[in-house]
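Everything on this sheet refers to the single structure shown next.
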């Protein structure tokens, strides 16, 4: 019995389906129950949260959690499918401290919100950046520029006249 | 005595932050009460570029993630693509890959130790380290024509076979390195000032380290003997005799010692790989159009198709890079370009633990602990 | 004045003339005496030493180019090669440049070594503005010159010359340390031919 099947036995109502991601057991979880499923996965020995990936499929968002058990030497992949209009999922920061930045990054670049996250703000791009770059409909044509305000924090605008010394040749 | 809290800003241009990283420290006198890390000053949008380039075009960008050890980056991406497309790799190519990755691991650890010592105020080690690095880079250059950004490992194999006289030169370098390593240890290991700066600084327990998602030498410094090369053996690592180096203390000194031990282990691996290097092809053929060039004078002369299309699917593939677990999550929709590339970079995840490590310490301790985590900002910001 | 060189001539000065019109300086030589220069020259003559005549341009330029102090502004991959240039093998100390200053106030050369992102751009500009005149900039690598491989990215500035003036561009990704040294030699050549005050526009 692989890890995804174990998880389905433990939480029959939360697991939508199980399959494989190449050779890694994959379980698709109802989005309300991800916190419950992750807790059980941790208790099963999957103590290492490798990565959180958010993917924009134009009609839906998917958030993929890759776990590894050091002791069992096995993988487990959890996946939640989110609505495209309002992508919100529970945060895992209460279980893994390391999930903090991974979730912030997913929010920053993909635009998925994590409810219950202690400090959900942008991490790689400055505050005020318009759009989430890894969304498929992100506007790559409009150049955004960053300047420093009086308090030393970033100000984002599409007008780079304070910064540039000549006409900017963009894409 | 009552003191006011002071917000101290460190960076993004600061000589000992290994790049453009910024700490916003809340200080109570000399003591760090809270450390907030502000990053993104080197965010180059690599993941978006991954969606805009074909599978092969993206390989050079992986070089520029962790530019001190670019070869494992190449490999991690290529491994993910190979798993996705089901490409077999000939044995000789795997041996060359592992050899060159272990060489890169040594180079990475040398630079890491050198810059750590320089941050602490000792300039000798970085001069020594760069001396050995320079000769190693000459080997890389001989192999693939580049010093830092290689673009050497390709799906199905490697780009070039070993040049003539490479192995003897590598053996010479290893012999030299062994002698130099003794010098390093004599210089640093028992240095009293070094002990005072490193011991019991930036301590993190095994439980916490796993909870924060630390990997690589930073995790093994906390006594957790988990090495991806052992847990999920890839390439030819199952056939090689080596051990995962650990130290139980979990402080900065332990992490430093783990790196020194790993240099020794890597030399050990290198020796085994060189001794049992098989002959044969360096690139696989007949899969996704990767085939030997027709009518070529030599069987090792090959070309790689510029464009190939794996099946639709998803893969997460991880390796043990010098800094920790490096993984690529690739979603393919069956076209020539990946639908989504996600990079799980070791530096980014290891950096998460810094605020926890330095709480209650002083600023020089922050520099020491930060140096032993060994981050590269290209890897953090991507 | 010979082109490109500094003339070394022993000087002949009529000392009797100096004595007579000591109180009312009229000629250039009188003015020189007021500054104490004449006594220096006389002392040098007594020792049979050499006296050097040059233009202000040449003296200043020579002083400036012989010891350019770079500011540590490593941004990305190129910074590692910048470090390699500073280390023993390539030894940038041969050009009097081994002192990488952490403070822009003490530096007169900036290697923009690496990708300038949109978020870093105002900081790079500020760093440049904090440096004291005269100052020079070398854009190192493809990224700093044009955006390089990241030209299509949403968060990378397409060339640092959009925000600050650049003196020398170095191609390469990253450039080899030899390319760094070549860029330095080119910059020295450029400084050698600068007019005094040209940087401030005094010669207009």
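Protein chains in written order, with the numbering used here: chain A, 1 to 171; chain B, 1001 to 1382; chain C, 2001 to 2204.
All C-beta atoms, glycine included, are put in the ideal place defined by N, C-alpha and C.
Predicted model, so just to flag it, every value in this text is computed and none were measured.
Whole alpha helix (DSSP H) elements within the stretch 89–159 of chain A, 4-residue minimum | Unbroken alpha helix (DSSP H) runs of no fewer than 4 residues, entirely contained in the stretch 89–159 of chain A, are found at 99–110, following chain order.
Please determine if the stretch 2106–2120 of chain C and the stretch 132–152 of chain A are in contact, where contact requires at least 3 C-beta pairs separated by less than 8 angstroms.
-> yes
Label residue 1299 of chain B either buried or exposed according to how many other C-beta atoms from any shown protein chain fall within 10 Å of its C-beta, with 16 as the threshold for buried.
-> Confidence is the limiting factor: at residue 1299 of chain B the pLDDT is only 41, short of 50, which leaves the residue's position unreliable, though a coordinate-based value still follows. Counting Cβ neighbours within 10 Å, residue 1299 of chain B comes out exposed, since fewer than 16 surround it.
Reduced DSSP category for residue 1176 of chain B - H, G, I as helix; E, B as strand; rest coil | helix
Going along the chain, which residues of the stretch 1309–1341 of chain B sit with their C-beta nearer than 8 angstroms to a C-beta in chain A?
-> 1313, 1314, 1315, 1316, 1318, 1325, 1327, 1329, 1331, 1339 and 1340
Under the three-state DSSP convention, the category residue 1326 of chain B falls into = strand
Are the Cβ atoms of residue 2149 of chain C and residue 2081 of chain C separated by less than 8 angstroms?
-> no
Does the beta-carbon of residue 116 of chain A have 16 or more other beta-carbons within 10 angstroms, so that it is buried, or is it exposed?
-> exposed
Grouping DSSP H, G and I as helix and E and B as strand, with all else coil, what is residue 48 of chain A?
-> strand
Top-ranked residue by Cα proximity to residue 1113 of chain B, from B/1382, B/1237 and B/1185 | Nearest option by C-alpha distance: B/1185.
For residue 60 of chain A, return the contacting residues in chain C, with the cut-off set at a CB-CB distance below 7 angstroms.
-> Going along chain C, no residue has its Cβ under 7 angstroms from residue 60 of chain A, so there is no contact; the nearest lies around 24 angstroms.
Report the option in B/1276, B/1379 and B/1363 whose CA atom is closest to the CA atom of residue 1322 of chain B.
-> B/1379
Would you tell me roughly how many angstroms separate the C-alpha atoms of residue 1264 of chain B and residue 1183 of chain B, rounded to the nearest one?
-> 13 angstroms
Using beta-carbon positions only, say whether residue 111 of chain A and residue 74 of chain A come within less than 8 angstroms of one another.
-> no
Starting from the Cα of residue 2104 of chain C, find the closest Cα among C/2132, C/2079 and C/2113 and give me that residue.
-> For residue 2104 of chain C, the nearest C-alpha among the options comes from C/2132.
Between residue 124 of chain A and residue 1377 of chain B, what straight-line distance do the alpha-carbon atoms span, to the nearest angstrom?
-> 12 angstroms
Residue 1206 of chain B lies in the alpha helix (DSSP H); which residues open and close that run?
-> 1206–1211
Could you work out which residues of chain B lie near residue 2154 of chain C, taking near to mean beta carbons separated by less than 7 angstroms?
-> Correct list: 1045 and 1048.
Contact belief for residue 1055 of chain B with residue 1308 of chain B at Cβ below 8 angstroms, rounded distance in angstroms | 7 angstroms
Selected residue, minimal CA-CA separation from residue 2134 of chain C, among C/2056, C/2060, C/2045 and C/2049 | C/2060
Which residues in the same chain have their Cβ closer than 7 angstroms to the Cβ of residue 1252 of chain B, if we skip the five residues on either side of it in sequence?
-> 1198, 1201, 1202, 1368, 1369 and 1372
Quick one: what's got a C-beta closer than 7 angstroms to residue 21 of chain A's C-beta in the same chain, skipping five residues either side?
-> Excluding residues up to 5 positions away in sequence, 77 lie with their Cβ nearer than 7 angstroms to the Cβ of residue 21 of chain A in the same chain.
Cβ neighbours of residue 1209 of chain B in the same chain (closer than 6 angstroms, five flanking residues each side left out) = 1219 and 1222
Go ahead and label residue 2077 of chain C buried or exposed: buried means 16 or more other beta carbons lie within 10 angstroms of its beta carbon, across all protein chains shown.
-> Residue 2077 of chain C is buried by the Cβ-count criterion.
Run down chain C in chain order and give the residues with a C-beta less than 7 angstroms from the C-beta of residue 1020 of chain B.
-> 2075 and 2120
Give the secondary structure of residue 2180 of chain C by DSSP, where H, G and I count as helix, E and B as strand, and everything else as coil.
-> The answer is helix: DSSP assigns residue 2180 of chain C an H, G or I state.
Residue-chain proximity (residue 132 of chain A, chain B), Cβ-Cβ < 8 angstroms | No, its Cβ sits nowhere closer than 8 angstroms to a Cβ of chain B.
Spell out whether any CB of chain C is found under 8 angstroms from the CB atom of residue 1068 of chain B.
-> yes
Start and end residues, beta strand (DSSP E) containing residue 69 of chain A | 60–69
In whole angstroms, what separates the C-alpha of residue 1060 of chain B from that of residue 1072 of chain B?
-> 12 angstroms
Using a Cβ-Cβ cut-off of 8 angstroms, state whether residue 48 of chain A counts as contacting chain B.
-> Taking a beta-carbon distance threshold of 8 angstroms, residue 48 of chain A counts as an interface residue toward chain B.
Who are the neighbours of residue 1009 of chain B on chain A, taking C-beta pairs under 9 angstroms?
-> 152
Sheet register partners of residue 1010 of chain B (DSSP bridge) = B/1023
What residues of chain B sit near residue 2081 of chain C, judged by a beta carbon separation below 9 angstroms?
-> 1147 and 1148
Cα separation between residue 60 of chain A and residue 91 of chain A?
-> 19 angstroms
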